[in-house]
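The sequence shown begins at 34 in my numbering and counts up one residue at a time.
Here a beta-carbon is modelled for each residue, glycine too, at the ideal position from N, C-alpha and C.
Since the model is a prediction, treat every value here as computed from it, not as a measurement.
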Amino acid sequence: MKLELIATATFGLEAVVKREIEAMGYKILRSEDAKITFLGDERAIVHANLWLRSADRVQIKMAEFTALEFEDLFQQVKGIAWEEWIPVDGKFIVSGSSVKSKLSSVPACQSVAEKAIVERLKEIYGVDYFEKSGALYEIKITLLKDRVTVTLDTTGPGLHKRGYRVETVAAPMKETLAAALVQLSFWNRDRILVDPCCGSGTILIEAALMGRNIAPGLNRHFTAETWDAIPARLWKEERKAAFEAINYDAQLQLYGMDISPHAVKAAIANAEEAGVDDCIQVRLGDAEKIGETDFAENEGGIVVTNPPYGERIGDRKSIDRIYDAFRTFFSDNPTWSLFLVTSDKTAEKKAFGRPADRRRKLFNGRLEVCYYQFHGKKPVRKTADMRMESGE
């Protein structure tokens, strides 16, 4: 069955999610604020849920139309072939939102839409009452400037719920945002990646999942797994293929530091739960000491970090000391690159001493942040003659 699917995304991450979907081989139909629409089928629902790293959820686009009156909304929703997805015992729930639309009452829109679905299914199944004792079907009615989009959620708890966060710290970063930060950096599995303010280890773990080619949704379940409309064999086949795709031999160099013993403990526990603790080294240490670490001797390293700011624990003086350390470190190590996400507008000058090469506005939860990207010089690749002269 050909379907229009929607991958929702946090504002600012649309381009990242779009690239992920294109890499999977699916045709992009539209890229809009907070959502990417693409063509797929039932297998695409399974594959996208298992493999999307930076998206929030995967939805089926059931219909899109204009509605100026409640009767328009009722008839259009009733005209959708709900029986293709929802069985007679299906537990369907309708939520909604309305922005700049004539039908501004969200509760009223939800009520009308639910009534329309009930009337449709009553006619199809020949029953007057639905027990809603079966699988869950979450339907959303979104109105924007009188344009209605009707979607059916396939994910359940957001895609950031990987299942490995067994220990947490104050103001943890979402896994989907951490994955996006790594994808937007220069890092690849052959380069060192360091997070000197690692907290519960999310950035490092997401990098490890990428480096080992581990599907981020491999160890969790999704709402659509319980649906009759998506054959169970598809989930079994896609999970089997995902396990076979894991590169257990990838040698990764991922290092984390944090001044908090609790954070270090949390990062180690989470890495163990994710099954990537063998390729992540986390140590108790102050980010101010980054220049004294053993990994600083390497060239071409990548620092991706979320230093303390705003709601995160950290006073102004300690943050400034971290920035001073960063500025010195990157001055002494010109082939290293810094990718720093923060809401602190002084960070650009203080952390690197010059304007960033690129900036990207993002959201960490509800907090607006900027992703500052400072590109290091390309490392000089040593030839055989150069190595002989240096005695290597």
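Check	Outcome
Quick check: what's the CA-CA separation for G324 versus F407?	17 Å
Can you tell me whether K35 is buried or exposed, with buried defined as 16 or more other CB within 10 angstroms of its CB?	exposed
How long is the line joining the alpha carbons of A248 and G45, rounded to whole angstroms?	23 Å
Quick check: the Cα distance between N280 and A77, rounded to an integer number of angstroms?	23 Å
Looking only at DSSP bridge pairs, what is E40 linked to?	As written in the sequence, residue 40 is Ala, which differs from the Glu given in the question. Answer by DSSP bridge pairing, in chain order: I69, V91.
DSSP on F396, reduced to helix/strand/coil?	strand
So who's on the other strand from L177, going by DSSP bridges?	V132, R180
Identify the residues that DSSP records as bridge partners of E171: which are they?	I126, D186
Whose C-beta lies closer than 8 Å to the C-beta of T201 among residues of the same chain, with five residues either side of it excluded?	S233, A299
Between the Cα of V215 and those of Y170, I335, V309, spot the shortest distance and give me the residue it belongs to.	I335
Thinking C-beta only, is L106 closer than 8 Å to C142?	yes
Does DSSP classify T326 as helix, strand or coil?	coil
Can you tell me whether E28 is buried or exposed? The criterion is at least 16 other CB atoms within 10 Å of its CB, across all chains shown.	Residue 28 is absent from the structure shown; the chain starts at 34 and stops at 425.
In terms of residues, what are the limits of the beta strand (DSSP E) holding S144?	Premise fails: S144 lies in the alpha helix (DSSP H), 139-158, not in any beta strand (DSSP E).
Given K173, which residues of its chain have a CB within under 6 Å of its CB, disregarding the five upstream and five downstream residues?	S128, T184
At what residues does the alpha helix (DSSP H) containing I463 begin and finish?	There is no way to answer for residue 463, as the model of the chain reaches only from 34 to 425.
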